[in-house]
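Numbering (the numbering used here), first residue to last: 80 to 219. Here the structure comes first, spelled out in structure tokens, and everything after it is commentary.
Shown next as structure tokens:
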């Protein structure tokens, strides 16, 4: 699936008091995952993703030299890159945020297979939690 290295594990004892400790851990292939979804063998799926799932859609990550958002943010002369997302800085100088947001959301980015998979998990009621660093919303 586009979007990077999938690492799927199933922990048979994950809900135990000891946290499972990796007992019963098994690696799955894509076909195995499809079967688990089809049979509803996994009903409380937790997914953790980073910017790598959106780079195939053409969205830069934050850290890639020269093309990542941290590199792009240097032109705004911020005290530190995260300032662009802070309300106190926005009240002081809103122009960098609006300029950056205009570049970030031109409307031509499309979800890829990974985003559609996450949405499928949600629509089937299998997604318990999605932890993401992404701010693009393509999985919605």
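Positions of the beta carbon are idealized from the N, C-alpha and C atoms, including for glycine.
Counting of Cβ neighbours within 10 angstroms places residue 133 among the buried residues, the total reaching 16 or more.
If you draw a 10 Å sphere on the C-beta of residue 171, you find fewer than 16 other C-beta atoms in it, and that means exposed. Only buried fits residue 130, as 16 or more other CB atoms lie within 10 angstroms of its CB. In the three-state DSSP reduction, residue 106 falls in the strand class (E or B). Taking the CA atoms as reference points, residue 117 sits about 22 Å from residue 128. Under the criterion of beta carbons closer than 8 Å, residue 126 and residue 205 do not qualify as touching, at roughly 10 Å. DSSP, reduced to helix, strand and coil, places residue 123 outside both helices and strands of the structure shown, so it counts as coil.
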